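Undergrad: Structure provided below as structure tokens; questions to follow.
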Amino acid sequence: MSFSASHIDARVQLETEDDYWRFTGFYGAPEASNRSSSCTLLRHLSRISTLPWVCGGDFNAIISDSEKDGILPTPQWQLCSFRQALNDRGLFDVGFMGFPFTWSNNRESPHTV
1 MSFSASHIDA RVQLETEDDY WRFTGFYGAP EASNRSSSCT LLRHLSRIST
51 LPWVCGGDFN AIISDSEKDG ILPTPQWQLC SFRQALNDRG LFDVGFMGFP
101 FTWSNNRESP HTV
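Going by the UniProt record's numbering, the sequence shown opens with residue 1, and the numbers climb by one from there.
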């Protein structure tokens, strides 16, 4: 369907089904200063199809400070911006299994973010 450096969007059909659904693999901007462009892209992608939609990947964003480790809180505008982008499009976090943090830059708590 579409792709960019930040996403791959595909229409999916199981061999045993007649119906299609949509999967978007998403990679959010790692720099805080560019995260609003990730939210804008997410909103755009949500509007281009009416198929049932699964969107997953590394958003490089959190919706709550409970999702991070470290002493510095995330600015509220960053939390609210990503949370609002999800809510606007009817998306929700389905959770995960495994180690909660994928990147530590060889640091140990409390020096991780």
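Ideal placement from N, C-alpha and C gives every residue a C-beta, glycine not left out. The structure presented is a predicted model; accordingly, all values stated were derived computationally and were not measured.
Out of Ile71, Ile63, Asp58 and Asp93, which one is the CA nearest neighbour of Pro30?
TA: Locating residue 30 in the sequence shown gives position 30, where the first residue counts as 1. Of the candidates Ile71, Ile63, Asp58 and Asp93, the one whose C-alpha sits nearest the C-alpha of Pro30 is Asp58.
Undergrad: If we count the other Cβ atoms within 10 Å of its Cβ and call it buried at 16 or more, is residue 199 buried or exposed?
TA: This structure leaves residue 199 out entirely; the chain is present only between 1 and 113.
Undergrad: According to DSSP, what are the bridge partners of Cys55?
TA: To locate residue 55, count along the sequence shown from 1; it is residue 55. Partner(s): Thr24.
Undergrad: What number of angstroms, rounded off, separates the C-alpha of Gln78 from the C-alpha of Cys39?
TA: Working through the sequence shown from its first residue, we reach residue 78 at position 78. Working through the sequence shown from its first residue, we reach residue 39 at position 39. Between Gln78 and Cys39, the C-alpha separation is close to 10 Å.
Undergrad: Please name the residue in Val94, Trp53, Ser49 and Leu41 whose C-alpha comes closest to that of residue 119.
TA: Any question about residue 119 goes unanswered here, given that the chain covers just 1 to 113.
Undergrad: Can you say whether Gly28 is buried or exposed, counting buried as having 16 or more other CB atoms within 10 angstroms of its CB?
TA: Indexing the sequence shown from 1 puts residue 28 at position 28. Gly28 should be labelled buried.
Undergrad: Leaving out five residues on either side along the sequence, give the residues of the same chain with a beta carbon under 6 Å from the beta carbon of Leu86.
TA: Residue mapping note: residue 86 aligns to position 86 of the sequence shown, counting from 1. Taken in chain order, the list of residues that qualify is empty.
Undergrad: Please go through the same chain and pick out, in chain order, the residues whose beta-carbon is closer than 7 Å to the beta-carbon of Ser2, but skip the five residues on each side of it.
TA: The residue labelled residue 2 in the question sits at position 2 within the sequence shown. If we look at Ser2 and ignore the five residues flanking it on each side, its Cβ neighbours are Asp9.
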